[in-house]
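Here the structure is laid out as structure tokens; the discussion comes afterwards.
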Amino acid sequence: MQNSNDYTFLFLSEISKEKTYGLLYPEAKAGLAIIWLYERIQNGTFQQNAFKEKDLHQALREVNPSIESDKSRHPKETYNVIIADLQEYFIRYDEERQEYSFKEYALIFCRQAYEILKASFSPTRIEKICFALREKLQNCQELESLSDWFKLDFDTFKPQLKSQLDFLDRQIDQSVSSLRQNKQLSFQEGTVLETLKQIDGRFETIRAQNKELRTAFKEIDQIRRLMEDYAAKYDNGDLDILVHNSVIFFQEMRRTLTIIDKRLDRIQPKIRQLFSNLNKPLFNYRVEKFLYHLVENSTEVTKGAKKATQFPGNIPPIAIIRMRQDFAIVERKTDLFPLQAKKRLVIPESAEAKSKAFAKSQNKLGQQDEISIWIDRIQQAVDTDKELSLAEYFFQIAKPTEPLSIMLAIAVIYRAIGFFERQEKYSISINPDNIIQNPTFKTSLWEIIIRRKP
Amino acid sequence: MGNHYPEEAITPNSFLADSDATELFGKIDYALKNGKHIQRWQEQENLYLFIEKNYVSLRQYYREFFGVLLEAAGESIQKYFFLEFIPDSRGNIPIDNRYFLPNEYVIVGFMLYKIIYIDNYIELNTLSTLQKMIRQDYEDIKPGIYRALAKAKKIHTTQMDDEKANDVIEKALREFARIGWIHLDGDVFDILPSFQRLPKIYGDYINDPSLWLNKANAQ
Numbered sequence: 073m074q075n076s077n078d079y080t081f082l083f084l085s086e087i088s089k090e091k092t093y094g095l096l097y098p099e100a101k102a103g104l105a106i107i108w109l110y111e112r113i114q115n116g117t118f119q120q121n122a123f124k125e126k127d128l129h130q131a132l133r134e135v136n137p138s139i140e141s142d143k144s145r146h147p148k149e150t151y152n153v154i155i156a157d158l159q160e161y162f163i164r165y166d167e168e169r170q171e172y173s174f175k176e177y178a179l180i181f182c183r184q185a186y187e188i189l190k191a192s193f194s195p196t197r198i199e200k201i202c203f204a205l206r207e208k209l210q211n212c213q214e215l216e217s218l219s220d221w222f223k224l225d226f227d228t229f230k231p232q233l234k235s236q237l238d239f240l241d242r243q244i245d246q247s248v249s250s251l252r253q254n255k256q257l258s259f260q261e262g263t264v265l266e267t268l269k270q271i272d273g274r275f276e277t278i279r280a281q282n283k284e285l286r287t288a289f290k291e292i293d294q295i296r297r298l299m300e301d302y303a304a305k306y307d308n309g310d311l312d313i314l315v316h317n318s319v320i321f322f323q324e325m326r327r328t329l330t331i332i333d334k335r336l337d338r339i340q341p342k343i344r345q346l347f348s349n350l351n352k353p354l355f356n357y358r359v360e361k362f363l364y365h366l367v368e369n370s371t372e373v374t375k376g377a378k379k380a381t382q383f384p385g386n387i388p389p390i391a392i393i394r395m396r397q398d399f400a401i402v403e404r405k406t407d408l409f410p411l412q413a414k415k416r417l418v419i420p421e422s423a424e425a426k427s428k429a430f431a432k433s434q435n436k437l438g439q440q441d442e443i444s445i446w447i448d449r450i451q452q453a454v455d456t457d458k459e460l461s462l463a464e465y466f467f468q469i470a471k472p473t474e475p476l477s478i479m480l481a482i483a484v485i486y487r488a489i490g491f492f493e494r495q496e497k498y499s500i501s502i503n504p505d506n507i508i509q510n511p512t513f514k515t516s517l518w519e520i521i522i523r524r525k526p
Numbered sequence: 012m013g014n015h016y017p018e019e020a021i022t023p024n025s026f027l028a029d030s031d032a033t034e035l036f037g038k039i040d041y042a043l044k045n046g047k048h049i050q051r052w053q054e055q056e057n058l059y060l061f062i063e064k065n066y067v068s069l070r071q072y073y074r075e076f077f078g079v080l081l082e083a084a085g086e087s088i089q090k091y092f093f094l095e096f097i098p099d100s101r102g103n104i105p106i107d108n109r110y111f112l113p114n115e116y117v118i119v120g121f122m123l124y125k126i127i128y129i130d131n132y133i134e135l136n137t138l139s140t141l142q143k144m145i146r147q148d149y150e151d152i153k154p155g156i157y158r159a160l161a162k163a164k165k166i167h168t169t170q171m172d173d174e175k176a177n178d179v180i181e182k183a184l185r186e187f188a189r190i191g192w193i194h195l196d197g198d199v200f201d202i203l204p205s206f207q208r209l210p211k212i213y214g215d216y217i218n219d220p221s222l223w224l225n226k227a228n229a230q
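So the protein sequences, as listed, match chains A and B.
For the first sequence, our numbering begins at 73 and goes up steadily by one.
For the second sequence, our numbering begins at 12 and goes up steadily by one.
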């Protein structure tokens, strides 16, 4: 069975029922009369804020001159129906005194509209409210007072802040649309310039107000920090939700403020450009004529496979400088170009070349043999004599008329030096001061002595 | 402009002595030679200031070495720089270094100009809204617009024609962004001062309608 607590309130279906919506938001003729009365209640015209039916009639008459002028109808009949409807949410009838007074909804209805439309924007007021809110929040000593602060103080503040931002946004809308309407005045320079100046001034004001509101947000940042501190201190689920929702609300407000800023950023420079454009209404008129001429008289031509538009007459296209300055980077991509096997070099063989090459290598081999023979011979000599002069062997091997023998002699000397140096039982001493010469050679050598260690 | 050095001492390479040249000149050179217009706008600010400071020298440089003119137009904060052909010498610039803006884009440009500066829709700042406005809000010239942009010759237009027109408008805006007339970021665009060059280019024709009126009548 359904519990009464489970009943959910469906706002939309509720307000859609019968005449509910119409009664909550009456037509202008009734709504304006309510405003008319509200103003008089505010300035104390009615004693004890109560009014008579004749006042209601007067209100309806003042705000709806058209009903009054319509002689064929009986306005009083119309009024009667309206007044009966208004009794649902707006006014209360005291039968005893035959007096009417406002219901709470009527007051909210009027106050809200008043706040929203009121041109006096007061960010300083917001700042003051923020300041008071913060003070109060700071002094909250326990969880209970904290949740009171959220439900009573903070919730009343939210719509106020929101309406200030909405107000700024609407100001921009109005300025922009009045600018557009002025298009018709384009040729009366004086008027347009005046309007434009006015609108530009209005944007300046909006920007200043936006800035002031931003200052008020500093206070809000403090509130936010306090809230977060409390949330950490109490670690309470309900409080966490309240804090979280407030943080989201602040973020949303900040975003709105930024959006307003951006709108101003976008619009203002264009207004400045309109100023300079204003001096040339004739030019603008001609731009339009020129554009229409282009649109109406351009023809289609086929360029290659493409269709292109050609301007009428000899009106040229726009040529723009575009100097090619692409850097061509030449690079061999190994993945695209794998290394290819090199072609084998084939040399045709001939018997003559073959034997020549053979002789050459034979010669080298022979030389190697001869070197070894000489080294052996030198070693035997050292072993026997304990000491010998290597330079003298040079002149034994080399023959002045045979270059090959000189090569062999040099090779033997080098090899011998290396050979004996590597072995511990021999020592080599080179003496640059003692130069060995041979009359048949131009070459001379330093004295090189090999000794066998005892 | 360029009065940071004594006039007689300015040469086509004086600007290279500027301490910012290393960082900025390469960017400026690329931009200008790609047909870009440079104005005081966000990331272009530094480039703009460098040109402003070294205008005389840079002008000599481009004229002497490339045979083109570094031009300035617009007043105060609306000022912008760009490279222009020396009048009547267009033939001397190799064809590779010239680029013709398709005429469809010129028409889109003038439509944009009209919507914002003549009809005062100053809040217009998205490509999608511009596409919609050009397609829907100008009944009087609609057939002409569709003929020029979508190559549609019929009385009734189709979804395909709409798409073609949208496509041309988008491409035009991309091209305008490339040459620095507007700043385009996704769907959102901002008109930059150099956009004013469009009516300036056709200034002769606009100010003297007889140039084209007679021709049109004679045809």
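Quick reminder that beta carbons are idealized off the backbone N, C-alpha and C, glycines included.
These numbers come from a predicted model, not from an experiment.
- For glutamate 181 of chain B, no chain A residue has a Cβ inside 8 Å of its Cβ, as the nearest lies near 16 Å away.
- The Cβ atoms of alanine 84 of chain B and arginine 208 of chain B sit closer than 8 Å to each other.
- Shown here is that no member of the region 270-283 of chain A has a Cβ falling below 7 Å from a Cβ of chain B.
- In this structure, the CA atom of serine 250 of chain A is about 9 Å from the CA atom of leucine 268 of chain A.
- Looking at the DSSP output, lysine 375 of chain A bridges to A/Lys378.
- A direct Cα-Cα distance of roughly 56 Å separates proline 113 of chain B from arginine 197 of chain A.
- Counting of Cβ neighbours within 10 angstroms places tryptophan 518 of chain A among the exposed residues, the total staying below 16.
- Taking the Cα positions, glutamate 174 of chain B is about 11 Å away from tyrosine 157 of chain B.
- Only residues of its own chain outside the window of five on either side were considered, and among them Phe26, Ile62, Leu81 have a CB closer than 7 Å to the CB of leucine 69 of chain B, listed in chain order.
- Taking 8 Å as the threshold, the shortest C-beta distance from threonine 381 of chain A to chain B falls below it.
- Per DSSP, aspartate 457 of chain A is not a residue of any beta strand (DSSP E); the alpha helix (DSSP H) it occupies stretches across 423-457.
- Taking a beta-carbon distance threshold of 8 Å, leucine 336 of chain A does not count as an interface residue toward chain B.
- Taken in chain order, the complete alpha helix (DSSP H) segments of 4 or more residues contained in the region 247-322 of chain A are 261-306.
- Asparagine 114 of chain B: member of the alpha helix (DSSP H) spanning 114-124, first to last residue.
- When the five nearest sequence neighbours on each side are left out, the beta carbons in the same chain lying within less than 8 Å of the beta carbon of isoleucine 332 of chain A are those of Leu237, Leu240, Asp241, Ile244, Ile278, Asn282, in order along the chain.
- In the DSSP assignment, glutamate 174 of chain B falls within the unbroken alpha helix (DSSP H) covering 170-189.
- For valine 319 of chain A, the closest C-alpha among the options A/Ser427, A/Lys305, A/Glu216, A/Phe289 is that of A/Phe289.
- Lysine 182 of chain B and leucine 195 of chain B have their C-alpha atoms roughly 11 Å apart.
- Taking proline 504 of chain A as reference, the option from A/Pro511, A/Glu493, A/Thr515, A/Ile520 with the minimal CA-CA separation is A/Ile520.
- Glutamine 509 of chain A is bridged by DSSP to A/Ser516.
- Under the Cβ distance rule, isoleucine 62 of chain B does not count among the residues neighbouring chain A, no pair being separated by less than 8 Å.
- Closer than 8 Å to the CB of leucine 94 of chain B there is at least one CB belonging to chain A.
- When the Cα atoms are used, tyrosine 465 of chain A and glutamine 451 of chain A turn out to be separated by approximately 12 Å.
- Per the Cβ contact rule, the region 173-184 of chain A is in contact with the region 120-137 of chain A (3 or more Cβ pairs under 8 Å).
- Between glutamate 95 of chain B and valine 79 of chain B, the C-beta spacing is below 8 Å.
- Within the same chain, and ignoring the five residues on either side of glutamate 291 of chain A in sequence, the residues whose Cβ sits closer than 7 Å to its Cβ are Glu199, Cys202, Phe203, Arg206.
- With a minimum length of 4 residues, the unbroken runs of alpha helix (DSSP H) contained wholly in the region 122-159 of chain B fall at 138-147.
- Secondary structure within the region 37-69 of chain B: the alpha helix (DSSP H) runs of 4 or more consecutive residues, fully enclosed, are 56-64 (chain order).
- Residues are counted here when their Cβ sits less than 8 Å from a Cβ of chain A; for the region 125-137 of chain B these are Lys125, Ile127, Tyr128, Ile129, Asp130, Asn131, Tyr132, Ile133, Glu134, Asn136, given in chain order.
- Scanning its chain for C-beta atoms nearer than 7 Å, with the 5 sequence neighbours on each side dropped, one finds around glutamate 442 of chain A the residues Leu480, in chain order.
- Counting only the Cα atoms, arginine 51 of chain B lies some 24 Å from alanine 391 of chain A.
- In this structure, the beta-carbon distance from lysine 64 of chain B to aspartate 29 of chain B falls below 8 Å.
- The Cβ atoms of leucine 366 of chain A and phenylalanine 355 of chain A do not sit closer than 8 Å to each other.
- In the structure shown, the three-state DSSP call for asparagine 369 of chain A is helix.
- Contact of methionine 171 of chain B with chain A is not assigned, every C-beta pair being separated by 8 Å or more.
- Flagged as an interface residue toward chain A: proline 220 of chain B, by a C-beta distance shorter than 8 Å.
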